[in-house]
Structure formats: structure tokens, C-alpha cells
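In case it helps, the working numbering puts the sequence shown at residues 1 to 177. Glycine included, every Cβ here is placed at the ideal spot set by N, Cα and C. This structure is a prediction, so every number in the text was calculated from the model and none was measured. Working notes for the structure below.
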Amino acid sequence: MTVRTSYQRNKSLFTDFQHVAALAMRRNRVRAVRIFYGIFGVLGVLCGAVLLFIGGASSNYVMAALGLLFGAYFLVRALFYYRYLGFFTSRMMTKQVDTVTYTIDEDTVIIDDALEHCEHPCHVFLGVYESRRLFVLMLTKRQGYFIAKEDLAEGQEEALRQRLKTQFEAPLQYFDV
């Protein structure tokens with residue numbers, strides 16, 4: 001079975017990929033990072049607000065503006081963590097790779113794009129996941145591949161789902177994201 005996925009057409013798929021990968025592989029790490037960003041965001045905004053309230057010298061206003069600015073930055077990073085990661089991943093990847101071709105044989109997965117041509121045995125994948133808009137094949141905790149469902153022909157989605165369930169040692173898990 002051969003599937004082609006275009007990275008140029010729908011860049012928001014990278015956000016879904018980051019979300020599924022985080023839920024599947026790095027749940028505690030992502031939670032800790034988001035808590036860190038949230039705490040420092042709130043502290044920055046509070047310090048900036050207190051310095052604005054105190055007033056006084058012009059240096060207080062500069063420090064207040066910096067506190068508010070950095071606090072807002074960290075709060076945005078905490079609230080929109082997956083979109084932020086997806087945005088920067090899509091910016092990096094779409095400059096280098098336009099389309100990826102996946103060929104799933106009996107015991108190997110062949111991935112062919114502008115950067116590399118590689119073959120992986122089905123047993124080396126740590127996890128196989130499905131979400132509303134894509135299938136995710138995680139090779140390591142930080143490296144994975146995704147196949148967009150919108151790029152699949154009619155009937156090909158169910159055939160791919162069955163092949164992922166039967167060929168891979170890792171069970172196919174569904175995430176509603």
C-alpha cells in the first residue's frame with residue numbers, strides 16, 4: 001500500500017501531530033513544561049502589574065513593561081503549547097519537504113521524501129496512533145511520521161487502519177484530538 005502526504009496543503013496537521021505525540025509519548029514532560037510556563041507567566045504579569053501600580057522612577061516603568069511582556073509570552077506558550085510547537089515544526093519541515101511517500105509492505109515501511117529514503121521494519125515502531133485527521137507512526141519518543149487522512153482515497157483509510165492493526169507489534173491507539 002502506497003500513500004502520499006503533502007505537507008504544504010495543510011500545515012495545521014503539524015499541531016495535531018505534536019498533540020498526539022505528546023499524549024502518547026511525553027505526557028508528564030509536557031504537563032511539567034506547561035506548568036513551568038504558566039507559573040512564570042503569572043509571576044511576570046503580577047510583577048509587571050505591581051511595578052506599574054508602584055510607579056515612581058522611569059526605570060520602574062521599563063521593568064513593568066518587561067515583566068508584562070515576558071509574562072504574556074510565557075502565558076501564551078502555556079495556553080497554546082501544541083499550536084506553538086506545530087507552527088514551528090511546520091515552518092521547518094515545509095521549507096525542506098513538500099510531499100512524503102509511505103509504502104507499507106508485509107514487514108517494512110518505506111519512507112521517501114526530499115531529505116531521505118529509509119526503510120524501517122514494522123517491529124521498530126514504538127507506537128501507532130490515530131486521531132481525527134491523521135495516523136501517526138512513532139519511531140522514537142521524539143521522531144515520528146504522520147499520514148493525513150485527507151490524502152487517502154475512499155476505502156484506503158479503512159484498509160490502512162486494518163494494516164496498521166495487524167502488521168505492527170504496537171497496538172493502534174485512538175486519540176480524539
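At a Cβ-Cβ threshold of 8 Å, A57 and M138 do not count as neighbours.
Listed in chain order, the non-local C-beta contacts of V20 below 7 Å within the same chain comprise Y129, S131, V136, F175 and V177, local neighbours out to five positions each way being set aside. Closest option to Q143, judged by alpha-carbon separation, among V124, F36 and A32: V124.
Every alpha helix (DSSP H) of 4 residues or more that sits fully in the region 49 to 133 is shown, in chain order, as 58 to 79 and 81 to 96.
Shown here, L152 sits in coil according to DSSP, grouped into three states, outside any helix or strand. The region 77 to 89 and the region 47 to 67 do not touch, with fewer than 3 CB-CB distances between them shorter than 8 Å. Taking A64 as the centre and dropping the five residues before and after it, the same chain places the C-beta of G48, L51 and L52 closer than 6 Å to its C-beta, in chain order.
Looking at the DSSP output, V3 bridges to Y102.
For T5, same chain residues with a beta-carbon under 6 Å away, outside a window of 5 residues either side, are V100, I147, A148 and D151 in chain order. In this structure G127 is buried. Its beta-carbon is surrounded by 16 or more other beta-carbon atoms within 10 angstroms. A check of alpha carbon separations from T103 across A32, H120 and F80 identifies H120 as the nearest. In the DSSP assignment, Q18 falls within the alpha helix (DSSP H) that extends over L13 to M25. L172 carries a strand assignment under DSSP once its states are collapsed to helix, strand and coil.
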